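Accompanying notes for the structure given below.
In my numbering, the protein residues as written are 3 to 244.
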């Protein structure tokens with residue numbers, strides 16, 4: 003049996019040890035919560051910056067965050083870097099809400115190779131059973147008119163112009179965003195009095211298009227512009243920018 007003095011020492015030290023252990027647990031819990039909060043903030047900040055650069059709506063951003071939270075802990079993505087997975091989620095979100103953002107734009111803005119983003123997108127698509135709808139030139143027109151806050155009359159006229167473009171003229175470009183950008187530009191200057199350079203610049207920034215490419219295709223459309231326009235439409239702003 004131990005001496006009485008040793009028993010007293012142990013009884014005095016025990017509460018101190020317990021309180022110290024409890025304190026360490028509380029500190030670790032607070033640090034873990036703080037780390038999670040900072041990580042969530044970093045994710046949202048990175049995603050917001052990405053969405054601003056590729057010009058997509060807040061709805062797309064919210065769906066991307068929800069999708070990321072649902073799949074981030076799956077076995078398929080255990081060793082996947084957060085930013086790569088976010089780009090894959092964002093690409094699927096843009097496809098879901100028909101926001102016409104080409105894959106090469108994701109690659110340019112995010113800094114990741116398009117094969118990496120595409121690989122994560124395909125895995126996420128398989129997990130979520132997502133079936134993307136094929137995007138047409140008219141889908142891009144509706145999207146760009148929404149981004150630039152253009153009214154329904156301009157959108158309808160742009161779609162009408164797009165429908166009147168024959169296959170021979172379409173073969174001169176393989177990018178539907180270029181065709182839709184030209185149609186929106188023509189419809190805008192036809193319906194409103196505006197600065198043509200500003201409108202063209204806004205369209206190019208919205209779709210990350212090269213202005214020289216747009217101008218080349220506008221030259222092609224200018225030759226047959228009267229056959230593309232409805233008979234009752236006259237240009238408010240003259241179509242002589244080239």
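Beta carbons: idealized from backbone N, C-alpha and C, even for Gly. Everything numeric in this text was worked out from a predicted model, so none of it was measured.
Three-state secondary structure (DSSP) of residue i
i	result
residue 147	helix
residue 231	coil
residue 207	helix
residue 41	helix
residue 29	With a pLDDT of only 49 at residue 29, under the threshold of 50, the placement of this residue in the model should not be trusted; the figure read from the coordinates follows. Of the three classes helix, strand and coil, the one that applies to residue 29 here is helix, per DSSP.
residue 194	coil
residue 212	coil
residue 226	coil
residue 35	Caution applies to residue 35, whose pLDDT of 46 falls short of 50 and renders its modelled position unreliable; the model cannot decide the point.
residue 177	coil
residue 59	coil
residue 20	Per-residue confidence for residue 20 stands at a pLDDT of 46, beneath the threshold of 50, marking its modelled position as unreliable; no derived number is given.
CA nearest to the CA of residue i, picked from the options
i	options	result
residue 210	73, 88, 61, 105	105
residue 180	150, 140, 159	140
residue 158	73, 190, 132	190
residue 162	85, 227, 86	227
residue 187	156, 212, 167	156
residue 207	219, 90, 183, 72	183
residue 153	194, 134, 130	194
residue 204	48, 52, 56	56
residue 98	215, 74, 130, 71	130
residue 72	91, 54, 96, 52	91
residue 134	192, 94, 220, 64	94
residue 50	74, 89, 75	89
residue 137	178, 115, 150, 116	178
For residue i, the first and last residue of its enclosing alpha helix (DSSP H)
i	result
residue 96	84-98
residue 135	Taken as a continuous stretch (DSSP letters only), residue 135 belongs to no alpha helix (DSSP H), as it is neither H nor E.
residue 109	105-112
residue 165	154-166
residue 76	Here residue 76 belongs to no alpha helix (DSSP H), and DSSP marks it neither H nor E.
residue 117	116-130
Open item on the list: Quick test of the definition: if touching needs 3 or more C-beta pairs under 8 Å, does the segment 140-150 touch the segment 108-120?
Closed with: In short, these stretches do not touch, since the Cβ pair count stays below three.
Open item on the list: Pairs of beta-carbons, one from the segment 48-60 and one from the segment 119-127, closer than 8 Å: are there three or more?
Closed with: Under the Cβ criterion (8 Å, minimum of three pairs), the segment 48-60 does not count as touching the segment 119-127.
Open item on the list: Count Cβ pairs between the segment 38-54 and the segment 191-204 that sit closer than 8 Å; are there 3 or more?
Closed with: At 8 Å Cβ cutoff, the stretches do not touch.
Open item on the list: Under 8 Å, with one C-beta from each stretch per pair, do the segment 126-142 and the segment 78-96 reach the 3-pair mark?
Closed with: The answer is yes - the segment 78-96 touches the segment 126-142, with three or more Cβ pairs under 8 Å.
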